[in-house]
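Chemist:
Numbering (our numbering), first residue to last: 22 to 264.
1. In terms of alpha-carbon separation, which member of 90, 134, 67, 161 lies closest to residue 81?
2. Can you give me the Cβ contacts of residue 113 inside the same chain, cut-off strictly under 7 Å, excluding the 5 residues immediately before and after it?
3. Should residue 122 be labelled buried (16 or more other beta-carbon atoms within 10 Å of its own) or exposed?
4. Pick helix, strand or coil for residue 215, following the three-state DSSP scheme.
5. Since I believe residue 87 is in contact with residue 163 (beta carbons under 8 Å), could you give me their beta-carbon distance rounded to a whole number of angstroms?
6. Please name the residue in 217, 197, 102, 202 whose C-alpha comes closest to that of residue 155.
7. Can you find a heavy atom of the ligand FAD that lies under 8 Å from the Cβ of residue 100?
8. Label residue 169 either buried or exposed according to how many other C-beta atoms from any shown protein chain fall within 10 Å of its C-beta, with 16 as the threshold for buried.
9. Just how far apart, CA to CA, sit residue 157 and residue 205?
10. Between the region 223-239 and the region 43-62, can you find at least three pairs of beta-carbon atoms closer than 8 Å?
11. Kindly indicate which residue of 180, 35, 127 has the alpha-carbon position closest to the one of residue 161.
12. May I ask which residues mark the beginning and end of the alpha helix (DSSP H) holding residue 122?
13. What is the rounded straight-line gap between the Cα of residue 89 and the Cα of residue 166?
14. What residue does the alpha helix (DSSP H) around residue 195 start on, and which one ends it?
15. Taking just the CA atoms, how far does residue 64 sit from residue 243?
16. Around the C-beta of residue 23, are 16 or more other C-beta atoms found within 10 angstroms, so that it is buried, or is it exposed?
17. Once the 5 residues before and after residue 240 are set aside, which same chain residues still bring their CB inside 6 Å of it?
18. Return helix, strand or coil for residue 39, following the three-state DSSP convention.
19. Looking at the structure shown, is residue 155 part of a helix, part of a strand, or coil, going by DSSP?
20. Decide if residue 111 is buried, meaning its Cβ has at least 16 other Cβ atoms within 10 Å, or exposed.
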C-alpha cells in the first residue's frame, strides 16, 4: 500500500473489525514458539486500539478466538488463556485512561473462572457511558452459532407472546445477537487468506472487506490508517445506482 496521506483521518460512527490472522506463521518464520507469536500479536492490538481511538471510530471488534480454535493443541490454548489474563492486567489501566469501553462477546465459559473473572473486572472498570471507543473482543465466538442462538431466543419470545412475527426485523435480530454492534462498515483480515472464517456473518451484509498479506504481528499503525483511508475513499452504494 502507498503511504497514507491523511494520518489525521477521522471516521466517527464507523464500526470496524479485524480478523487478526498470522500469529503462528509469524512465530514459525522467526523460529519462535506459537505463544511468542500470540504475545507479539497482543502488542500490536495495543497500538491499533490507540489508532482507532484517534480516528474516532465508533467501535473496533477483534476476532481473538473462534469456536473452531478449540481444536488447536492444548498447550497453545493454555498459553492463550494465560495471555488473556496477562493482557488485561497490563493494558487495563491504559484503556481506562483512554476511556475505551471493553466488551467481550461469544461463549467463553470454557476458558475457566480466572479468565472469566478478569473479563468481568475489565468490563466493569471500563463501563464508560460515553467512551472514546468501544473495543469488542470476540472470544469463543462463531457467527453461525450466534445466529442460531438468536433464532432460538426470538422463537421463544414469539412462543411466550412477547413478540409477534410481524415485529421481527433486522433490529430485532441484532438485539438478540451476542456481538454488540449492528451493521459492520469495514472488515480487515491480515495474514493473506481471503475468507471471513465464520465472523460476524449477519453483520457483514454490506461491509467493505480488505485483505492484506501482512501477518498480524507485523501489522502496523500506518497500514491500519491506510485501510481506513481506502475505506474513506470508497463509494458505498448499498445496491443503489448512482450513475
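The beta carbon of each residue, even a glycine, is placed where N, CA and C say it ideally should be.
Modeler: If we stick to the structure as given:
1. The residue you call residue 81 lines up with position 60 of the chain shown. Residue 81 has its Cα closest to that of 67, out of 90, 134, 67, 161.
2. Position 92 of the chain shown, counting from 1, holds the residue named residue 113. When the five nearest sequence neighbours on each side are left out, the beta carbons in the same chain lying within less than 7 Å of the beta carbon of residue 113 are those of 143, 146, in order along the chain.
3. As a first step, residue 122 must be located in the chain shown, where it is residue number 101. With 16 or more Cβ atoms within 10 Å of its Cβ, residue 122 is classed as buried.
4. As a first step, residue 215 is located in the chain shown; it is residue number 194 there, counting from the start. Three-state result, residue 215: coil.
5. On the chain shown, position 142 is the one that residue 163 refers to. On the chain shown, position 66 is the one that residue 87 refers to. Beta-carbon to beta-carbon, residue 163 and residue 87 are separated by about 6 Å, close enough to satisfy the 8 Å threshold.
6. For the purposes of this step, residue 155 is identified with residue 134 of the chain shown, where counting begins at 1. Out of 217, 197, 102, 202, the CA that lies nearest to the CA of residue 155 is found in 202.
7. Ligands are entirely absent from the displayed structure, and the ligand FAD is therefore not among its contents.
8. Here residue 169 refers to the residue found at position 148 when the chain shown is read from its first residue. When all chains shown are included, residue 169 counts as exposed.
9. Locating residue 157 in the chain shown gives position 136, counting from the first residue. Locating residue 205 in the chain shown gives position 184, counting from the first residue. Residue 205 has its alpha-carbon roughly 12 Å from the corresponding atom of residue 157.
10. They touch, by the three-pair rule.
11. If you number the chain shown from 1, residue 161 lands on position 140. When each option's Cα is compared against that of residue 161, the closest is 127.
12. The residue you call residue 122 lines up with position 101 of the chain shown. Careful: residue 122 lies outside any alpha helix (DSSP H), inside the beta strand (DSSP E) at 121-126.
13. The count along the chain shown starts at 1 and reaches residue 89 at position 68. The count along the chain shown starts at 1 and reaches residue 166 at position 145. The straight-line gap separating the alpha-carbon atoms of residue 89 and residue 166 is approximately 11 Å.
14. In the chain shown, residue 195 corresponds to position 174, counting from 1. First-last of the alpha helix (DSSP H) with residue 195: 191-197.
15. As a working note, residue 243 is residue 222 in the chain shown. As a working note, residue 64 is residue 43 in the chain shown. Going by the C-alpha atoms only, they are around 15 Å apart.
16. Your numbering for residue 23 matches position 2 in the chain shown. Because residue 23 sits at a pLDDT of 39, beneath the cut-off of 50, its placement in the model cannot be relied upon, and the following sentence gives the value as read from the coordinates. Classification of residue 23: exposed, given that the 10 Å Cβ count is below 16.
17. Counting from 1 along the chain shown, the entry for residue 240 is found at position 219. Same-chain partners within the cutoff: 65, 211.
18. Taking the first residue of the chain shown as position 1, residue 39 is located at position 18. The DSSP-derived three-state label of residue 39 is strand.
19. Against the chain shown, residue 155 aligns to sequence position 134. In this structure, residue 155 counts as strand in the three-state DSSP scheme.
20. On the chain shown, residue 111 is found 90 positions in, with the first residue counted as 1. Residue 111 is exposed by the Cβ-count criterion.
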